[in-house]
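In our numbering, the protein residues as written are 298 to 437. Note that the Cβ used here is the ideal one computed from N, Cα and C, for glycine as well.
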C-alpha cells in the first residue's frame with residue numbers, strides 16, 4: 298500500500314513540475330518560480346538621507362545601449378530615493394552570463410555626478426539578478 302502511495306505521489310509531482318515549466322528566451326523548457334525579480338539602486342546624500350536624483354542613466358557596457366525600463370513594470374515608478382535598473386520583463390537586454398551596467402546620476406543640490414557599475418544577468422535565466430556591485434550610490 299505504501300509503495301502505491303509513493304508511486305501516485307511521484308506521478309503527481311511529475312505532472313505538477315511539468316505544468317510549471319516555462320519557455321525561456323532561449324527556447325528550452327525550464328522550471329521557473331513565479332516571483333517577479335528586479336534590481337533597484339538606492340541613492341543617499343552624505344548624511345545618509347534618501348535622495349531623488351537627476352540625469353539618471355543605466356548603460357549596458359556590452360551593447361552600449363541605455364536600458365529600456367518598461368513602463369508597465371510593477372516597479373518602474375519605484376520609491377523615493379531609488380530607481381529600478383532591471384526587471385524580469387527586461388531579461389532580453391542582458392546576457393545570461395551577465396553584463397556590466399554603468400549607472401550614472403546627479404545630486405540636484407550639489408550638482409555632483411557619480412557612477413557605479415553593476416553586473417546584471419538575464420538572458421536565458423528565469424530572472425534578472427545582480428551578480429556584483431552595491432545597491433546604493435552615496436554622494437559626497
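Check: Inter-residue CB distance, residue 424 and residue 355 (contact presumed, cutoff 8 angstroms); Outcome: With 8 angstroms as the limit, residue 424 and residue 355 do not qualify as a contact, their Cβ atoms being about 18 angstroms apart.
Check: Residues that DSSP places opposite residue 396 in a beta bridge; Outcome: 417
Check: Spatial neighbours of residue 435 in its chain, beta-carbon cut-off 6 angstroms, leaving aside the 5 residues before and after; Outcome: 341
Check: Outcome for residue 404 when other beta-carbon atoms lying within 10 angstroms are tallied against a minimum of 16; Outcome: buried
Check: CB contact below 8 angstroms: residue 334 versus chain C; Outcome: No chain C appears in the structure shown, which is made up of a single protein chain.
Check: Own chain, CB closer than 8 angstroms to residue 347, minus 5 neighbours either side, in chain order; Outcome: 339, 340, 341, 377, 378, 379
Check: When 330, 332, 328, 337 are compared against residue 429, the one with the closest alpha-carbon; Outcome: 337
Check: Coarse secondary structure for residue 388, derived from DSSP in three states; Outcome: helix
Check: Sequence-distant residues of its chain with Cβ nearer than 7 angstroms to residue 413 (five each side left out); Outcome: 400, 430, 431, 434
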